[in-house]
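S.K.:
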């Protein structure tokens, strides 16, 4: 996920411009007034006089950060109503929500988180009706990266390699042009996948008869192996995978020859309405874990669940990793997905998986971190009972 919006907005750096000087002074005064705990009426007067609530000082502190520091709920409400950027990060990559969490102030944190949910819901609604350019209010969660990390087309034309790190961890690795290494999937996710399969299958009425399983995105094949190792293997196990290097790896590993396994080569967006997928009928279990797709694509997948799930007992899950380098962003995406799943006719139950045991150097090595929180929120969704 990109953490800047400089590629999408013109950054004006004319420090001698009188208007910029005035805005800077007003913004600085607003932050200082909040930190000095001046009356809210003074803060309102500054905003009415044109003090920019989006302004961040040399340390990246905004008015909303300052309000979180002084733990003032009323100020936070005011600033959000006046258009404060809920997901702005300071120079230490902390949002105002992170600051509220550091003080264990649930009330202040919830105000900021709920503002994020409302903002993302609105942007999701608008983007479903028209193509929008990124806006400053969504610059952290919006994807402005055209590399293989964030662009599906770039990813599908990239080169992947299967390797092991110094600790023996299996990795499906993507090498970026800037020399960075990014794990498309890594062995540390094994516990998450194991618990996901347990939650999806353990008490399903058809488990002993052989489930019909659909998995979108193979990666290292961790979850697919867990499905195959059920006491009764799936009666049907469909895997949708678009990347040529992953498909070649699957052939080498013998997946094309496994009993009951069918592989659809292509993006799920192209397969979803295809005769090939529809010919399998509906599924008891569906899981998706794609790479280089943003939340809007996951939301789009939710909309197809009704036509894919076989019965009220069917279950759906996905790798819940969006925004997982920041507690606030992760919370917003988790709650946003619950709301969108409800819109799609599914109720979701969350389980916590502790993934904090492994040391960072053992998990990531030289690769880019994509999950840095201690707890993974595992979703299990079922069709709503009418």
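In this note's numbering, the protein residues as written are 270 to 655.
Built from N, CA and C at the ideal position, the CB exists for glycine as well.
These numbers come from a predicted model, not from an experiment.
What ranges does the alpha helix (DSSP H) occupy inside the segment 513 to 596, keeping only unbroken runs of at least 4 residues that lie completely in it?
M.R.: Those alpha helix (DSSP H) runs which fall completely within the segment 513 to 596 and span 4+ residues are 513 to 521, 537 to 540, 544 to 547, 564 to 571, 574 to 577.
S.K.: Let me know the secondary structure DSSP gives residue 619 once reduced to three states.
M.R.: strand
S.K.: Tell whether a beta-carbon distance below 7 angstroms holds between residue 486 and residue 558.
M.R.: yes
S.K.: Tell me the DSSP secondary structure of residue 649 in three-state form.
M.R.: strand
S.K.: On the criterion of 16 or more Cβ atoms from any shown chain inside 10 Å, does residue 289 qualify as buried, or is it exposed?
M.R.: exposed
S.K.: Does any CB atom of chain D fall closer than 7 angstroms to the CB of residue 326?
M.R.: In the displayed structure, chain D is absent; only one protein chain is listed.
S.K.: Which whole-angstrom value is the C-beta distance of residue 601 and residue 592, which I expect to be below 8 angstroms?
M.R.: 7 angstroms
S.K.: Taking DSSP's pairing of strands, which residues face residue 429 in a bridge?
M.R.: 443
S.K.: Once the 5 residues before and after residue 434 are set aside, which same chain residues still bring their CB inside 7 angstroms of it?
M.R.: 440, 634
S.K.: Judging by CA-CA distance, which residue of 510, 299, 544 is the nearest neighbour of residue 536?
M.R.: Minimum Cα distance to residue 536 is reached at 510.
S.K.: I think residue 643 touches residue 625, with their Cβ atoms under 8 angstroms apart; what is that distance to the nearest whole Å?
M.R.: 4 angstroms
S.K.: With H, G and I counted as helix, E and B as strand and the rest as coil, what does DSSP make of residue 456?
M.R.: helix
S.K.: Return the Cβ separation of residue 458 and residue 491 in integer angstroms, given the expectation that the two are a contact with Cβ distance under 8 angstroms.
M.R.: 6 angstroms
S.K.: Taking residue 480 as the reference, which of 501, 468, 363 has the closest Cα?
M.R.: 501
S.K.: When the Cα of residue 326 is compared with those of 357, 618, 318, which residue comes out closest?
M.R.: 357
S.K.: What are the boundary residues of the beta strand (DSSP E) that includes residue 506?
M.R.: Here the beta strand (DSSP E) through residue 506 covers 505 to 510.
S.K.: Identify, in the order they occur along the chain, each residue of the same chain with its Cβ nearer than 6 angstroms to the Cβ of residue 571, setting aside the five sequence neighbours on each side.
M.R.: 609, 610, 613
S.K.: Using three-state DSSP, classify residue 297 as helix, strand or coil.
M.R.: helix
S.K.: DSSP three-state label for residue 500, please.
M.R.: coil
S.K.: Between residue 335 and the rest of its own chain, which residues show a CB-CB distance below 7 angstroms, the 5 nearest in sequence each way excluded?
M.R.: 300, 303, 304.
S.K.: Inspect the beta-carbon positions of residue 483 and residue 552 and report whether they are closer than 7 angstroms.
M.R.: yes
S.K.: In the DSSP assignment, find the unbroken alpha helix (DSSP H) run with residue 348 in it and report its ends.
M.R.: 342 to 350
S.K.: Tell me the rounded alpha-carbon separation between residue 615 and residue 426.
M.R.: 35 angstroms
S.K.: When you compare only the Cα positions, how much space is there between residue 645 and residue 418?
M.R.: 21 angstroms
S.K.: Which stretch, first to last residue, makes up the alpha helix (DSSP H) that contains residue 265?
M.R.: Within the shown structure, residues of the chain are numbered from 270 to 655, placing residue 265 beyond reach of any answer.
S.K.: Who does residue 690 pair with in a DSSP beta bridge?
M.R.: This structure cannot settle anything about residue 690, because the visible part of the chain is limited to 270 through 655.
S.K.: Considering only the alpha carbon of each residue, which of 455, 328, 340, 355 lies closest to residue 306?
M.R.: From the listed residues 455, 328, 340, 355, the smallest Cα separation to residue 306 is found for 340.
S.K.: Let me know if residue 547 comes out buried or exposed under the rule of 16 or more other beta-carbons within 10 Å of its beta-carbon.
M.R.: exposed
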